[in-house]
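Just add 1 to the spot in the sequence shown (first one is 1) and you have the numbering used here. Where is the CB? At the ideal position from N, CA and C, for every residue including glycine. The model shown is predicted, which means the values in this text are computed figures rather than measured ones. Read the structure below first, then the notes.
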Amino acid sequence: MQTDHTHPTLHPDEIPPGVQEVILPTGERALAYSTGPTAPPPPPTPTVPASQPIPAWAKTTALLAPTVGGGIAVAAVGLSAAAPGLEAASHALLSTGALVAAGGTAAAVAIGRVRARLAAAQREMQRPHITQHVTATGLFGRANGTINHH
């Protein structure tokens, strides 16, 4: 007597991973675990990376960049507009500097001369003033003299 055992059939989607359907030499179909290398899993579908929050320093820098650039641009325009005045001011400063240098040199020379005169007068006051009067009569006459210390 032959009994027919019917096994429920599974759809290919219902077969768990690592299990495959095989045909036995008798012609029967069976499920078997694979002991060899299995087929590589299908490549993962590309996923969109999770967005990360923008750091505060990046936001600050992004907000300051146009402001700093605008400030530099305004400064450049202002300097170009003020160039003639700045040139005149630089000439005036150069002239003033030359005048101050010449005045300092003249003052140093004047102070040196005044000091030299004061030093000469002080030396003159410290030296004794000696006068001598000598008188003689005739070619071979005797000479008489006086010496005065002041």
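Residues bridged to residue i [DSSP beta-bridge criterion]
i	result
Ala-137	Ala-144
Ala-63	According to DSSP, Ala-63 bridges with nothing at all.
Arg-30	Ile-24
His-150	Ile-131
Span of the beta strand (DSSP E), counted from its first residue to its last, around residue i
i	result
Gln-21	20-24
Arg-128	Per DSSP, Arg-128 belongs to no beta strand (DSSP E) and is neither H nor E.
Leu-11	Segment: none, Leu-11 is in no beta strand (DSSP E) and carries neither H nor E.
Ala-51	Run containing Ala-51: none; DSSP gives neither H nor E here.
Cα-Cα separation, residue i to residue j
i	j	result
Pro-50	Ser-81	50 Å
Ala-90	Leu-100	15 Å
Ser-52	Ala-59	15 Å
Ala-66	Gly-72	10 Å
Thr-4	Thr-36	Reliability fails at Thr-4, whose pLDDT of 48 lies under 50, so the model's placement of it is uncertain and no value is given.
Val-69	Arg-114	59 Å
Val-110	Ala-122	18 Å
Gly-1	Thr-48	Any property of residue 1 remains undetermined from this structure, which presents the chain solely from 2 to 151.
Arg-30	Pro-18	18 Å
Pro-167	Ala-102	Only positions 2 to 151 of the chain appear in the structure, and residue 167 is not among them; the question remains open.
Thr-97	Gly-104	10 Å
His-12	Gln-21	11 Å
Thr-61	Pro-44	41 Å
Thr-138	Thr-132	20 Å
Ala-63	Pro-54	15 Å
Contact set for residue i: own chain, Cβ-Cβ below 7 Å, skip 5 residues either direction
i	result
His-134	Gly-146, Thr-147
Pro-56	none
Ile-24	Arg-30
Same chain, Cβ closer than 8 Å to residue i, five either side skipped, listed in chain order
i	result
Leu-87	Leu-80
Met-2	Residue confidence for Met-2 is low, a pLDDT of 44 falling below 50, so the modelled location carries little weight and cannot support an answer.
Same chain only: Cβ atoms within 6 Å of residue i, ignoring 5 sequence neighbours per side
i	result
Pro-129	His-150
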